[in-house]
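In my numbering, the protein residues as written are 161 to 459.
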């Protein structure tokens, strides 16, 4: 396993997967730029906790203000990081995201925009800002935190699922386009995990519609109560640390050997693996039919 120190940017590092991954990567000797928005406001305690951790562990971890929904914030973070690193970066980890669910009709167009702004357009802003540096270097890695819901559909999660399906398509396409340039793209598909993502649940802004859905509304309300119950079960098999460990494993693999998709889910992972393998076989044929077999990702 390749363990040379890398320069790593990770978004959404205030809590959850991002926070755990930032620490674990730093523990492995990497230089980590843990980014989050509102570092002098609501996320100030998270920033200070991370910096205290870094100091006590003598880790190369910095906290940088970055809001993936704001172009200027992304550009400012890019300028700061690349100045500090003499223009170099090895790994981009797109982790920032928000989760939401509900009766689809109850989501307004602005609700759709809010979820896509972070989960899809935020990722695009980060990639557009930093991929030019990776191309110039002729090497690098982009890790995209997606979801098993980017391959399957759970009722009442339609808008969120759509953001992750979009992320899956964009990331796979990027993997093909960047392969000849020596840059890897790796997608991580977590299942349900007990993280703060569910505490920041995005509800639709037209609840009146939900009240008109009868049995479907009942099933929805039951489902959103089931998830917290699952996650508080002491026998629940999914631990957030598993995602952080998967991230570190991908970072430390040699270029060209990384799998396109990694499922991290001890509950529904088997189902997602079947979908992934079926899709992989289809894509091999698609690329062959279009005369693009050299772009095939075999892992």
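Think of the CB as a built atom: it goes at the ideal place given N, C-alpha and C, for glycine as much as any other residue.
What does the alpha-carbon distance come out to for the pair residue 361 and residue 222? For the purposes of this step, residue 361 is taken as residue 201 along the chain shown, with counting starting at 1. For the purposes of this step, residue 222 is taken as residue 62 along the chain shown, with counting starting at 1. Cα to Cα, the separation comes out at about 28 angstroms.
Residue 210: which of 279, 178 and 409 sits nearest, CA to CA? Numbered from 1 along the chain shown, position 50 holds the residue referred to as residue 210. Measuring from the Cα of residue 210, the nearest candidate turns out to be 178.
Residue interval of the alpha helix (DSSP H) (run including residue 167): For the purposes of this step, residue 167 is identified with residue 7 of the chain shown, where counting begins at 1. It is not in any alpha helix (DSSP H) - residue 167 instead sits in the beta strand (DSSP E) that spans 167 to 170.
If you reduce the DSSP assignment to three classes, tell me which class residue 178 lands in. By 1-based counting over the chain shown, the position of residue 178 is 18. Looking at residue 178 - three-state DSSP - the assignment turns out to be helix.
Output the distance between the C-alpha atoms of residue 324 and residue 261, rounded to the nearest integer angstrom. Within the chain shown, residue 324 is the residue found at index 164, counting from 1. Within the chain shown, residue 261 is the residue found at index 101, counting from 1. Each residue's alpha carbon lies about 13 angstroms from the other.
For residue 349, does the three-state DSSP call read helix, strand or coil? Residue numbering aside, residue 349 sits at position 189 when the chain shown is read from its first letter. Strand, per DSSP.
Does the separation of the CB atoms of residue 305 and residue 352 fall below 8 angstroms? Numbered from its first residue, the chain shown carries residue 305 at position 145. Numbered from its first residue, the chain shown carries residue 352 at position 192. For residue 305 and residue 352, no; Cβs fall outside 8 angstroms.
State the start and end residues of the unbroken beta strand (DSSP E) segment that holds residue 192. As a working mapping, residue 192 is identified with position 32 in the chain shown. Per DSSP, residue 192 belongs to the beta strand (DSSP E) from 191 to 196.
Taking only the alpha-carbon atoms, compute the straight-line gap between residue 310 and residue 432 and give it to the nearest angstrom. Against the chain shown, residue 310 aligns to sequence position 150. Against the chain shown, residue 432 aligns to sequence position 272. Distance between the alpha carbons of residue 310 and residue 432 is about 9 angstroms.
Pick from 284, 248, 217 and 263: whose alpha carbon is nearest that of residue 364? Sequence index remark: in the chain shown, residue 364 carries index 204 (1-based). Out of 284, 248, 217 and 263, 263 has the C-alpha closest to the C-alpha of residue 364.
Residue 254 bridges to which residues according to DSSP? For the purposes of this step, residue 254 is taken as residue 94 along the chain shown, with counting starting at 1. According to DSSP, residue 254 bridges with 304.
Mapping the DSSP letters down to three states, classify residue 430 as helix, strand or coil. As a working mapping, residue 430 is identified with position 270 in the chain shown. Looking at residue 430 - three-state DSSP - the assignment turns out to be helix.
Let me know if residue 296 comes out buried or exposed under the rule of 16 or more other beta-carbons within 10 Å of its beta-carbon. Translated into positions along the chain shown, residue 296 becomes position 136. Counting of Cβ neighbours within 10 angstroms places residue 296 among the exposed residues, the total staying below 16.
Less than 8 angstroms separating the beta-carbons of residue 407 and residue 303? Position 247 of the chain shown, counted from the start, is the residue given in the question as residue 407. Position 143 of the chain shown, counted from the start, is the residue given in the question as residue 303. Residue 303 is positioned such that its CB atom lies closer than 8 angstroms to that of residue 407.
What residues are listed by DSSP as bridge partners for residue 422? As a first step, residue 422 is located in the chain shown; it is residue number 262 there, counting from the start. According to DSSP, which records beta bridges pairwise, residue 422 is partnered with 348.
Pairwise C-alpha distance: residue 346 and residue 294: Here residue 294 is taken as the residue at index 134 of the chain shown, counted from 1. Here residue 346 is taken as the residue at index 186 of the chain shown, counted from 1. The alpha-carbon atoms of residue 294 and residue 346 are separated by roughly 15 angstroms.
Leaving out five residues on either side along the sequence, give the residues of the same chain with a beta carbon under 6 angstroms from the beta carbon of residue 460. With the chain represented from 161 up to 459, any question about residue 460 goes unanswered, as that position is not in the structure.
Could you round the C-beta distance between residue 224 and residue 300 to whole angstroms and report it? I think they count as a contact, below 8 angstroms. Position 64 of the chain shown holds residue 224. Position 140 of the chain shown holds residue 300. About 18 angstroms separates the two Cβ atoms, so there is no contact after all.
In the DSSP assignment, find the unbroken alpha helix (DSSP H) run with residue 338 in it and report its ends. The count along the chain shown starts at 1 and reaches residue 338 at position 178. Boundaries of the alpha helix (DSSP H) harbouring residue 338: 318 to 338, taken from the DSSP string.
Since residue 298 contacts residue 341 with CB under 8 angstroms, what's their CB separation in whole angstroms? Within the chain shown, the letter at position 138 stands for residue 298. Within the chain shown, the letter at position 181 stands for residue 341. In this structure residue 298 is in contact with residue 341, their Cβ atoms being roughly 7 angstroms apart against a cut-off of 8 angstroms.
Please identify the residue among 393, 280, 275 and 428 whose C-alpha is closest to the C-alpha of residue 314. Here the question's residue 314 lines up with position 154 in the chain shown. Comparing alpha carbon positions, the residue from 393, 280, 275 and 428 closest to residue 314 is 428.
Looking only at its own chain, which residues have a Cβ that is under 7 angstroms from the Cβ of residue 390, when we skip the five neighbours before and after it? In the chain shown, residue 390 corresponds to position 230, counting from 1. Answer for residue 390: 352 and 396, listed in chain order.
Are the beta-carbon atoms of residue 350 and residue 307 separated by less than 8 angstroms? The residue you call residue 350 lines up with position 190 of the chain shown. The residue you call residue 307 lines up with position 147 of the chain shown. Yes, the pair counts as a contact, with Cβ atoms nearer than the cut-off.
Three-state secondary structure (DSSP) of residue 233: On the chain shown, position 73 is the one that residue 233 refers to. Collapsing the DSSP output to three states places residue 233 in a helix.
Nearest neighbour of residue 267, chosen from 279, 370 and 438 [CA to CA]: Here residue 267 refers to the residue found at position 107 when the chain shown is read from its first residue. Measuring from the Cα of residue 267, the nearest candidate turns out to be 370.
Just the C-alpha distance for residue 338 and residue 378, rounded to the nearest angstrom, thanks. Translated into the one-based positions of the chain shown, residue 338 becomes position 178. Translated into the one-based positions of the chain shown, residue 378 becomes position 218. Near 46 angstroms, if we compare the C-alpha coordinates of residue 378 and residue 338.
Suppose the cutoff is 6 angstroms on Cβ atoms and the five residues either side in sequence are ignored; what does the same chain contact list for residue 330 look like? Residue numbering aside, residue 330 sits at position 170 when the chain shown is read from its first letter. There are no such residues.
Using the beta-carbon count (16 or more within 10 Å), is residue 198 buried or exposed? Mapped onto the chain shown, residue 198 falls at position 38. By the neighbour-count rule (16 or more Cβ atoms within 10 Å), residue 198 is not buried but exposed.
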